[in-house]
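Numbering (mature numbering (1 follows the signal peptide of the UniProt record, and there is no 0)), first residue to last: -33 to -1, 1 to 340. One structure is given below, encoded as structure tokens.
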Amino acid sequence: MSNITRRGLATLLLGVSAVATLGFGILSGPAEAADKPKKVIFLVNGTLGDKSYFDLGAAGIQAIKAKYGDAVETKILEMGNDQTKWQPAFEDVSEQDWDLIFACTYEISDIIAEVAPNHPDKTYAVIDAVVPYSQGNLGNVYAVSFKQNEGSYLAGILAAGLLKDGTIPADQGTSIGFLGGMDIPGINDFLAGYIEGAQSVNPDIKVAISYAGTFDDAAKGKELALAQYRSGTAIGFNVAGQTGLGQLAAAKEVGKWALGVNSDQEAIFRDTDPAMADWVASSMVKKVDVSMLRAYDLYVEGKLPVGQVEAIGLAEDSVGLVETGNMAKLASPELKQKIAAAKAGIIDGSIKVTSGFNLDTDKLNALRDSVRP
């Protein structure tokens, strides 16, 4: 836990929600009686301090420790950004006496698919990713997939709504922006929901779209965001990990709005960089910490559904839009009501949000072209 302490990361203990299960699998849990501490490790395929995804995973580990105390031993291992070191780290950890091994993001899926079959006595939990279960021998792997398109739909309503009602004046820009880490289905799932939410407010909305090609280059993110702002973007949505922090820095520099991602990025920067926090209108959150605590709860109960992927979204309170802080002051009552109605519609099924995972290249290009400024 020393890694967390050094960064002063606050423990996020949020409500645990039910999850819709997809696929097939068996229930699994610890093989031994609870007469000694269970050992849980989180392998970070990068470094902490992203103010977003990995920090939320670290908060999930803190939540597990806070809830279970001496009944669990926890550790976080930062593997760094050199991808050649990730698989050796997984192999090394798997040969040790860890009971449950957590990891996050799609970038780690192939490694788990290769390592896990060689260690059937270990249980692996990968958050916001899927593994190729069809290949077999992955009955000891549990995966969580977030419906980020649903939360991004709400973010799109907010962005377009602030423009339409004049809260963001026209002289700040007439389009909204999107900064993605990479041009991949997981990122385009955000994009699809964001565009559709914005179009529900203004069918003619324009969206400036950029991909950085990396998740760990804040300077590149700032460069791309500045280009968008200077070309008429009034508010931009970052979906790019550490690269996305450059979006927030750009917003601060030019005095324009940004939307955070994964965690409440306004709240995270409120104490350390209030001038930056002042320009974060809201954040689309994926509750990585909640999913990790829930997974461990199921594990100790012997009910963790390994061998399958679970998809969770607004109905499970696993994604959403931050409605406190700047958003509470910026959004009009009418806009808040529209967001609430959209959330209810998505949950009851009356609003269907397109998933970026279901868009082939032609459909994706057509969607992007339809909103090009």
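Ideal Cβ positions, reconstructed from N, Cα and C, are used throughout, including at glycine.
Problem - Nearest-angstrom beta carbon gap, M251 and A122 [assumed within contact, 8 Å] - result: Position 155 of the sequence shown holds residue 122. Position 284 of the sequence shown holds residue 251. Right, the Cβ-Cβ distance comes to about 4 Å (below 8 Å), so this counts as a contact.
Practice task
Please confirm whether I135 and W246 have their CB atoms less than 8 Å apart.
Solution key: Start at 1 with the first residue of the sequence shown, and residue 135 comes out as number 168. Start at 1 with the first residue of the sequence shown, and residue 246 comes out as number 279. Not in contact: I135 and W246 (Cβ atoms no closer than 8 Å).
Exercise for the section: Please report the residue range of the beta strand (DSSP E) in which P4 lies. Expected result: Taking the first residue of the sequence shown as 1, we reach residue 4 at position 37. Segment: none, P4 is in no beta strand (DSSP E) and carries neither H nor E.
Practice task
In the DSSP assignment, find the unbroken beta strand (DSSP E) run with Q275 in it and report its ends.
Solution key: By 1-based counting over the sequence shown, the position of residue 275 is 308. For Q275, the enclosing beta strand (DSSP E) covers residues Q275 to I279.
Practice task
Check whether the Cβ atoms of A175 and P55 lie closer than 8 Å to each other.
Solution key: As a working mapping, residue 175 is identified with position 208 in the sequence shown. As a working mapping, residue 55 is identified with position 88 in the sequence shown. Taking 8 Å as the Cβ cut-off, A175 and P55 do not qualify as a contacting pair.
Practice task
May I ask you to verify whether the segment 301 to 310 touches the segment 69 to 80, counting CB pairs closer than 8 Å and requiring at least 3?
Solution key: The segment 301 to 310 and the segment 69 to 80 do not touch, with fewer than 3 CB-CB distances between them shorter than 8 Å.
Problem - Alpha-carbon to alpha-carbon, I314 and T(-23) - result: In the sequence shown, the residue the question calls residue -23 occupies position 11. In the sequence shown, the residue the question calls residue 314 occupies position 347. Note that T(-23) scores a pLDDT of 35, beneath 50, so its modelled location is shaky and nothing firm can be said.
Practice task
Per DSSP, which residues does K253 bridge with? Please list them.
Solution key: What you label residue 253 is simply residue 286 of the sequence shown in a count that begins at 1. V286, per the DSSP bridge assignment.
Exercise for the section: Determine the contact status of K42 and L260, defining contact as a CB-CB distance below 8 Å. Expected result: Taking the first residue of the sequence shown as position 1, residue 42 is located at position 75. Taking the first residue of the sequence shown as position 1, residue 260 is located at position 293. Against a cut-off of 8 Å, the Cβ pair of L260 and K42 comes out as no contact.
Handout entry: Opening and closing residue of the beta strand (DSSP E) in which L44 lies
Key = Walking along the sequence shown from the start, residue 44 turns up at place 77. Run containing L44: V39 to E45, per the beta strand (DSSP E) assignment.
Practice task
Return yes when the Cβ of G280 is within less than 8 Å of the Cβ of L158, no when it is not.
Solution key: Taking the first residue of the sequence shown as position 1, residue 158 is located at position 191. Taking the first residue of the sequence shown as position 1, residue 280 is located at position 313. 8 Å or more divides the Cβ of L158 from the Cβ of G280.
Handout entry: Between the CA atoms of D88 and G(-9) - distance to the nearest angstrom
Key = Position 25 of the sequence shown holds residue -9. Position 121 of the sequence shown holds residue 88. Note on G(-9): pLDDT 43, under 50, position unreliable in the model; the coordinate value appears next. Rounded to whole angstroms, G(-9) to D88 spans 16 Å at the Cα level.
Practice task
Write down every uninterrupted run of the beta strand (DSSP E) in the segment 212 to 249 whose length is 3 residues or greater and which is fully enclosed by it, in chain order.
Solution key: With a minimum length of 3 residues, the continuous beta strand (DSSP E) runs that stay inside the segment 212 to 249 are 224 to 229.
Problem - Nonlocal neighbours in the same chain, by C-beta distance under 8 Å from G13, ignoring five residues either side - result: On the sequence shown, residue 13 is found 46 positions in, with the first residue counted as 1. If we look at G13 and ignore the five residues flanking it on each side, its Cβ neighbours are F21, E45, M46, G47, N48, F182, D183, G208 and Q209.
Exercise for the section: Using the DSSP secondary-structure output, state which residues sit across from I202 in a beta bridge. Expected result: As a working mapping, residue 202 is identified with position 235 in the sequence shown. Paired residue(s): I143 and W224.
Handout entry: Q214 burial status per 10 Å Cβ neighbour count (16 or more: buried)
Key = Working through the sequence shown from its first residue, we reach residue 214 at position 247. Looking at its Cβ environment, which holds 16 or more other Cβ atoms inside 10 Å, Q214 is buried.
Exercise for the section: Please name the residue in K219, L226 and A248 whose C-alpha comes closest to that of F204. Expected result: Locating residue 204 in the sequence shown gives position 237, counting from the first residue. Comparing Cα positions, the closest option is L226.
Handout entry: Pick from F145, A262 and S230 that is closest to G16, judged by C-alpha positions
Key = Residue numbering aside, residue 16 sits at position 49 when the sequence shown is read from its first letter. Nearest C-alpha to G16: S230.
Practice task
Tell me Y20's beta-bridge partners as DSSP assigns them.
Solution key: Locating residue 20 in the sequence shown gives position 53, counting from the first residue. Note: Y20 sits in no beta bridge, so no partner.
Practice task
Assign A298 to one of three DSSP states: helix, strand, or coil.
Solution key: For the purposes of this step, residue 298 is taken as residue 331 along the sequence shown, with counting starting at 1. In the structure shown, the three-state DSSP call for A298 is coil.
Practice task
Please work out which residues of its chain come closer than 7 Å, Cβ to Cβ, to V98, disregarding the five sequence neighbours upstream and downstream, and give them in chain order.
Solution key: Here residue 98 is taken as the residue at index 131 of the sequence shown, counted from 1. Taken in chain order, the residues that qualify are S76, I79, A80, L105, V108 and A110.
Exercise for the section: Would you list the residues sitting across from A92 in a DSSP beta bridge? Expected result: Taking the sequence shown and counting its residues from 1, one reaches residue 92 at position 125. Its beta-bridge partners are F69 and Y109.
Handout entry: Bridge-paired residues (DSSP) for I176
Key = The sequence position of residue 176 within the sequence shown is 209, counting from 1. According to DSSP, which records beta bridges pairwise, I176 is partnered with F145.
Handout entry: Beta-carbon gap between T90 and Y266 smaller than 8 Å
Key = Within the sequence shown, the letter at position 123 stands for residue 90. Within the sequence shown, the letter at position 299 stands for residue 266. Yes; because the gap between Cβ atoms is below 8 Å, this pair is in contact.
Exercise for the section: Starting from D339, trace the alpha helix (DSSP H) both ways and give me its first and last residue. Expected result: Here the question's residue 339 lines up with position 372 in the sequence shown. The amino acid at residue 339 is misidentified as Asp; the sequence shows Arg. Here R339 belongs to no alpha helix (DSSP H), and DSSP marks it neither H nor E.
Exercise for the section: Return the CA-CA distance between A126 and K219, expressed in angstroms with no decimal places. Expected result: Mapped onto the sequence shown, residue 126 falls at position 159. Mapped onto the sequence shown, residue 219 falls at position 252. Spanning the two alpha carbons is a distance of roughly 17 Å.
Practice task
Please determine, among S337, L130, V286 and Q115, the residue with the shortest C-alpha to C-alpha distance to Q139.
Solution key: Locating residue 139 in the sequence shown gives position 172, where the first residue counts as 1. Closest in alpha carbon position to Q139, among S337, L130, V286 and Q115, is L130.
Problem - Helix, strand or coil at V82 according to DSSP, with G and I counted as helix - result: Here residue 82 corresponds to residue number 115 of the sequence shown, with the count starting at 1. In the three-state scheme derived from DSSP, where H, G and I count as helix and E and B as strand, V82 is classed as helix.
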